[in-house]
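Structure, as structure tokens:
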Amino acid sequence: MFGKALTFTRMGLNCDMVEAEVDIKNGLPAIFMAGLLSQEVKESKERIRPAIQNSGFEFPVKKITINLSPAEISKTGTHYDLSIAMAILSATGVIDSTDGCIFFGELNLSGEIKWVRGIFPMVIEALKKGYNKIFIPYDNLSEIEFINLDKIIPVKTLNETADIIINNNYDTSHITTARSKMLTSRKVGNYSDIMEQRHLIDAFTIAASGGHHMIIVGPPGSGKTMAASRLPSIMPDLTSEEFMEINKIYSVAAENLNGSINKIRPFRNPHNSASSRAVIGGGAKILPGEVSLAHKGVLFLDEFLEFHSDSLQSLRTIIENKEVYISLRNGCAIYPADFLLVAACNPCACGFYGTKSGTCICTKNEIKKYRKKLNNPLVDRIDLQVKVDRLNYQELINGEKNVTSESIKAKVIKCYDIQQKRYRNEKFKLNSAITPDKISQYCIMEKGGNKTLEKFMEDNLLTARSCHKILKISRTIADLRENEIISVNDINKAVSLRFLDTEVV
């Protein structure tokens, strides 16, 4: 007796089809499994037998061979249970055929179908391949309710699954009623909540408009975290494609995306004590880290210099590649990691060097040692360098509020559209990504601009990389003015947003 059923396997976000084959022959009762299986997949035979029996079906007391094909692809996870069980029911004649069906789900001993991790990318792949009956655990429904549900069949038990296939009597009307409840947006703060700090808000506007990474240096209580947390409120809304891609990542990470984020971009704020695995990704289950959870959004690293050095070293490569590669014994998992980095730190160990809000108690050597950390390869790849201070009493009480996030966002979107149109034939789409060979083509300065930039470079002994960053920032500032020509004022403003280039300790 032979039966089969289809499912998928997942490595990172890449999914491959798997065929669960079952062969039942006379012989000593035993279950043999093959197909490059992880421990949790091998354990499935201990779940499937009682699940079938407790669902009212007869389990064959014979020699059973289960093969998950293709054998060369590693199989991990517990979502294979349902496909193996359906293949057994097909082999024993309980159901006629599983043609056109895909099965995902873990079985418990009573035959209930349990939630499984990372189902969304596999469901999307099944839909792409044209399958019209995709069985998923009912508990996973919230992950996919925003897509077309016509081909999705959420089930709670093995018995229910078999009944649907035997009688072809599934009704989808009851699963659409809760759909609108899932499509809610996360609320974020508004820049109108922040008093003064216009230099900082301008920097965030430029960062959001041109995709420029940013570092903020200032004492405790200067508003670094408050301002950074509002950055998603001025960024362009997620496109449908971006939202789908992010949802795949959050499904694998087992985090709820639908209830917290819809059009608003992700904002991730890991603690500085987080391990490299938590920040970058990896582990036994090959999970995405904070850099991937911040994909198409903001990664905020507060007390950035206190993060583990291996995390910061890895970030340098990730920023350039916009992907995370996690090497494994049986392959390589790849997660996207295209985020806007906002790092924040104190100006010195005590937090008050060069500020008006407190007295620095650090020695000169301690200050030099601390500031030397800022001259690392990662900071060298950050465009915007902004210095902030605490507000005094008068600024706090009588200071003017900033413009609303909505008005800033309108400018950002207009600037964003200008770039999309300008770079429509290029591989890059934002000013921050202009390649060195294209700088002269897209960063055209008015008369006097070259001399201004040349003098600044010579006075501060800047590298070519720093010069290019100033030009990219200037390009974004000009775009915010809706002007193709970069002015001297644009260059001067860009220079003011690179304070680490000029500050002497």
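Its first residue numbered 39, the sequence shown is counted upward by one per residue in our numbering. Just so it is clear, CB atoms sit at the ideal spot from N, CA and C, and this is done for glycine as well.
| Check | Outcome |
| --- | --- |
| Backbone secondary structure at Gly41 - three-state DSSP | strand |
| Contact check, Val424 vs Leu238, beta carbons under 8 Å | yes |
| Inter-residue spacing [alpha-carbon to alpha-carbon] between Ile203 and Tyr169 | 14 Å |
| CA-to-CA distance, Gly320 to Met252, given in whole angstroms | 26 Å |
| Short Cβ contact (8 Å threshold) for Phe142 with Ala43 | no |
| Rounded separation between Ser267 and Asn285 - CA only | 21 Å |
| Residue interval of the alpha helix (DSSP H) (run including Ala291) | Ser278 to Ala291 |
| Contact check, Ala89 vs Ala68, beta carbons under 8 Å | no |
| Cβ distance (whole Å) where Ile324 is taken to contact Ala371 below 8 Å | 5 Å |
| Nearest residue (CA-CA) to Ile254, options Phe377, Ile451 and Glu341 | Glu341 |
| Cβ separation of Phe377 and Gly335, assumed to be a contact under 8 Å, to the nearest whole Å | 6 Å |
| Three-state class that DSSP yields for Ile232 in the structure shown | coil |
| Inter-residue spacing [alpha-carbon to alpha-carbon] between Arg217 and Glu59 | A caution first: Arg217 carries a pLDDT of 47, below 50, which makes its placement in the model unreliable, though a value can still be read off. One C-alpha to the other measures close to 35 Å. |
| Residue environment, Phe338, which counts as buried when at least 16 other CB atoms sit within 10 Å | buried |
| Unbroken beta strand (DSSP E) run spanning Tyr363, endpoints | Glu361 to Leu366 |
| Nearest-angstrom Cα separation, counted from Met495 out to Pro258 | 32 Å |
| Cβ shell of Arg134 (< 7 Å), same chain only, five flanking positions each side left out | Note that residue 134 corresponds to Asp in the displayed sequence, not to Arg. Counting only Cβ-Cβ distances below 7 Å, and skipping sequence neighbours, we find nothing. |
| Cβ neighbours of Glu57 in the same chain (closer than 7 Å, five flanking residues each side left out) | Lys42, Leu44 and Ser107 |
| Pro415 classed as buried or exposed, judged by whether at least 16 other C-beta atoms fall within 10 angstroms | exposed |
| With 16 other Cβ atoms within 10 Å as the buried cut-off, status of Arg513 | buried |
| For Gly369, the first and last residue of its enclosing beta strand (DSSP E) | Gly369 to Pro374 |
| Run of the beta strand (DSSP E) containing Leu378, from where it starts to where it stops | Leu378 to Cys383 |
| Spatially closest choice to Gln351 from Pro326, Ala322, Leu366 and Val317, by CA coordinates | Val317 |
| Distance between beta carbons of His333 and Ala265, contact taken as under 8 Å | 22 Å between Cβ atoms; not a contact. |
| Between the CA atoms of Asp528 and Ile515 - distance to the nearest angstrom | 6 Å |
| Rounded separation between Glu344 and Val226 - CA only | 26 Å |
| Beta-carbon proximity check, Val450 vs Ser314, cutoff 8 Å | no |
| Spatially closest choice to Ser347 from Phe390, Lys411, Ser148 and Asn294, by CA coordinates | Lys411 |
| Distance between Met55 and Met220 (C-alpha atoms, nearest Å) | Note that Met220 has pLDDT 47, beneath the 50 cutoff, so the model's placement of it is unreliable and no number is given. |
| Where His309 falls, given that 16 or more other Cβ within 10 Å makes a residue buried | exposed |
| For Ile185, three-class secondary structure by DSSP | coil |
| Contact under 8 Å by Cβ, Ser260 with Ile287 | no |
| Residues bridged to Phe173 (per DSSP) | Phe141 and Ile191 |
| First through last residue of the alpha helix (DSSP H) which encompasses Thr514 | Ala502 to Leu518 |
| CA-to-CA distance, Arg460 to Asn228, given in whole angstroms | 30 Å |
| Contacting residues, own chain, Cβ-Cβ under 7 Å from Ile399 (five flanking each side not counted) | Cys388 |
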